[in-house]
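Numbering (this note's numbering), first residue to last: 1 to 159.
Take a look at the structure set out below.
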Amino acid sequence: MEHIGQTLGDIMDDMKEELIMALKQLLADEYAFYFKAHGHHWNVESKMFSQYHEFYAEIADDVYGSIDPTAENIRKLGAYAPYKMSRLMELTSIPETDVSSDCESMNADLLSANEMILVTINKAFSIANAANEQGIADFLASRDDMHKKWSWQLRASMG
Numbered sequence: 001m002e003h004i005g006q007t008l009g010d011i012m013d014d015m016k017e018e019l020i021m022a023l024k025q026l027l028a029d030e031y032a033f034y035f036k037a038h039g040h041h042w043n044v045e046s047k048m049f050s051q052y053h054e055f056y057a058e059i060a061d062d063v064y065g066s067i068d069p070t071a072e073n074i075r076k077l078g079a080y081a082p083y084k085m086s087r088l089m090e091l092t093s094i095p096e097t098d099v100s101s102d103c104e105s106m107n108a109d110l111l112s113a114n115e116m117i118l119v120t121i122n123k124a125f126s127i128a129n130a131a132n133e134q135g136i137a138d139f140l141a142s143r144d145d146m147h148k149k150w151s152w153q154l155r156a157s158m159g
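Structure representation (structure tokens):
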């Protein structure tokens, strides 16, 4: 990025706006991922139903717990957090999918969505670091670590 003619304040304002947008996309991705994991929790059918039912609940609960802190980080930057479903659907990178009730399809669907959310987290993390927003970067690093755990466990569940 070239910043010729811009003051340091202008550059920081641009970075702050870029971070706000990245966090808004993350918030939307978290909602989409949460609904997907929770839907799989409700609808899984398998000989190992209990294990998958609990596994999907654990993922959904973890992601649900990240939604409020993400919105609060947006507010700390002076912006409003999106909350209308239509706006969240515009912002998310995670597509809606129709998935059968079998755990193999559900695992593949969640793994794909999880990889997308990791991209969103890493983008926001890079911006937060560049903007010297260390608290937000710390939060994002923690989320990155958790979603890497979900990737590992989903892959391992697929054999």
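In this text, a Cβ means the ideal position worked out from N, Cα and C, and glycines have one as well.
In this text, all values refer to a predicted model and were calculated from it rather than measured experimentally.
Outcome for residue i when other beta-carbon atoms lying within 10 angstroms are tallied against a minimum of 16
i           : result
residue 87  : exposed
residue 150 : buried
residue 156 : exposed
residue 70  : buried
residue 142 : exposed
residue 1   : Residue confidence for residue 1 is low, a pLDDT of 49 falling below 50, so the modelled location carries little weight; the figure read from the coordinates is stated next. Residue 1 comes out exposed.
residue 72  : exposed
residue 36  : buried
residue 119 : exposed
residue 80  : exposed
Beta-carbon gap between residue i and residue j smaller than 9 Å
i          : j           : result
residue 29 : residue 91  : yes
residue 25 : residue 148 : no
residue 15 : residue 121 : no
residue 77 : residue 133 : yes
Cut-off 8 Å between Cβ atoms - residues of its own chain near residue i, not counting five sequence neighbours on either side
i          : result
residue 55 : 153, 157
residue 61 : none
residue 19 : 77, 124, 127, 128, 131, 133, 136
Proximity winner among the options, relative to residue i (alpha-carbon distances)
i           : options           : result
residue 84  : 136, 43, 27       : 27
residue 39  : 119, 59, 81       : 59
residue 89  : 44, 63, 32, 65    : 32
residue 48  : 118, 97, 101, 96  : 101
residue 22  : 50, 93, 63        : 93
residue 173 : 74, 117, 46, 79   : It is not possible to answer for residue 173, since the shown part of the chain is limited to 1 through 159.
residue 66  : 50, 17, 34        : 34
residue 43  : 112, 145, 98, 140 : 98
residue 17  : 75, 145, 119      : 75
Close Cβ partners of residue i (< 7 Å) along its chain, the five nearest in sequence each way excluded
i           : result
residue 104 : 158
residue 146 : 62
residue 139 : 69, 73
In DSSP terms, what residue i is bridged to
i          : result
residue 45 : 102
Close beta carbons around residue i, own chain, < 6 Å, minus the five adjacent residues each side
i           : result
residue 107 : 154, 157, 158
residue 113 : 33, 36, 94
residue 52  : 44, 46, 103
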